[in-house]
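Chains as they are written, first to last, in the numbering used here: chain A, 2 to 141; chain B, 160 to 277.
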Amino acid sequence: MSEPPTYTPFHPRWYRPRVSTWWWLKRWSSLAFILREVSSIFVAWFVVFFLLLVAAVGQGEAAYQEFMRWAANPGIVLVNIISLFFVVFHAVTWFNLAPQAMVVRIGGKRVPGKLIAASNYGAWVVTSLLVAWIVLAGSR
Amino acid sequence: MARRATVEPFLWLLFSAGGVVAALVIPVLLLLFGLAFPLGWLSPPDYAHMLAVLGHPLSRVTIFVSCTLLLFHWAHRFRFTLYDGLQIKHLNELIVLVSYGAVLVGTIAAGVLVWQLT
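1. Taking only three categories from DSSP, how would you classify A:Ile117?
2. Whether or not the stretch 165-174 of chain B and the stretch 103-120 of chain A are in contact is what I'm after, with contact meaning three or more pairs of Cβ atoms, one per stretch, closer than 8 Å; do they touch?
3. Taking the C-alpha atoms as reference points, what is the distance between B:Leu217 and A:Ala45?
4. Roughly how many angstroms lie between the CA atoms of B:Val179 and A:Phe96, to the nearest whole one?
5. By a C-beta neighbour count over all protein chains shown, 10 Å radius and 16 as the cutoff for buried, is A:Trp15 buried or exposed?
6. Can you have a look at B:Arg219 and say buried or exposed, based on whether 16 or more other CB atoms are within 10 angstroms of its CB?
7. Near A:Phe68, which residues of its chain fall below 7 Å by C-beta distance, leaving aside the five closest residues on each side in sequence?
8. Nearest chain A C-beta to B:Pro186 closer than 7 Å, yes or no?
9. Going by beta carbon distance, what residues of the same chain come within less than 6 Å of B:Pro203, once the five residues before and after it are set aside?
10. Residues in its own chain within less than 8 Å of A:Arg37 by CB, not counting five upstream and five downstream?
11. What is the DSSP secondary structure of A:Ile77, counted as helix, strand or coil?
12. Comparing the C-beta of A:Phe47 with each C-beta of chain B, is any distance below 7 Å?
13. With a CB to CB cut of under 8 Å and the five nearest residues on each side skipped, what residues in its chain are close to A:Ser31?
14. Does the CB of A:Glu38 have a neighbour CB from chain B at under 7 Å?
15. Compare the C-alpha of A:Val132 against each of B:Ser175, B:His249, B:Trp171, B:Pro186 and name the closest.
16. Could you spell out where the alpha helix (DSSP H) holding B:Pro168 opens and where it closes?
17. Counting contacts by CB-CB distance shorter than 7 Å, is B:Leu170 in contact with chain A?
18. Which partner residues of A:Arg106 appear in the DSSP bridge assignment?
19. Taking A:Asn81 as the query, report the chain B residues whose CB atoms sit under 7 Å from its CB, ordered along the chain.
20. What are the residues in the stretch 221-255 of chain B lying within 7 Å of chain E by C-beta distance?
Written as structure tokens, this is what we have:
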């Protein structure tokens with residue numbers, strides 16, 4: 002009991018268990034987190050894809066038709082299908098999270114989370130219809 | 160404890176704004192230009208209409224701002240994917256530099272491309 006503590010010349014090492022690189026495969030919630038993070042790569046791809054469209058439209062009619070032919074390549078269509086899946090996953094999780102991020106009070110009472118999520122989904126529908134209407138107004 | 164002022168909250172704000180843009184407009188645009196037109200579900204708009212829609216001053220500003228926000232959104236998530244997901248922590252400075260460098264390049268490209276739409 003009364004033994005004096007012994008000291009070693011070595012610095013103690015912290016106990017840090019090694020976390021596997023694949024830690025996020027163990028639980029659905031952490032896998033969902035990583036899938037959401039990965040969705041950002043497809044957001045970046047969309048920016049590239051859309052700016053190529055803008056560039057083609059800026060260059061003239063022939064370039065625009067060429068872009069549309071290029072976009073019909075099976076490989077590009079496949080990338081866009083995968084991108085759509087990830088971006089929709091981002092959108093749904095984003096809107097579901099909105100009640101946590103936006104605390105709205107009306108007359109001192111907190112607006113229920115379901116209402117905030119619903120208004121976000123509503124904004125999604127309205128924006129999508131508006132964009133589709135503007136684009137499709139010029140359909141041949 | 161005194162806290163150092165960092166640029167992080169500002170970057171998070173841009174990430175968040177980009178997230179809203181991504182959620183609201185990317186699905187419909189990807190569905191139209193990535194699937195519906197290439198696969199022939201819908202007939203694509205003619206050139207004159209596309210030029211009129213994209214070339215409108217309001218669209219040009221919107222496209223430029225949206226692309227910038229989307230790129231900031233990408234950069235924020237991408238660097239944390241590498242940091243948390245793949246645990247590449249020792250290269251953090253390099254990853255931050257490359258990510259936001261790409262944002263800068265993309266923003267300039269968007270500005271130039273939008274500018275030449277007439």
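Note that beta-carbon positions come from the ideal geometry of N, C-alpha and C, so glycine has one too. Remember, predicted model here, so these are calculated numbers, not experimental data.
Straight from the coordinates:
1. helix
2. no
3. 23 Å
4. 9 Å
5. exposed
6. buried
7. Leu53, Leu54, Ala57
8. yes
9. Phe196
10. Phe90, His91, Thr94
11. helix
12. yes
13. Trp24, Trp25
14. yes
15. B:Pro186
16. 167-188
17. no
18. A:Arg111
19. Leu189, Gly193, Leu194
20. Note that chain E does not occur in the displayed structure, where the protein chains are A and B.
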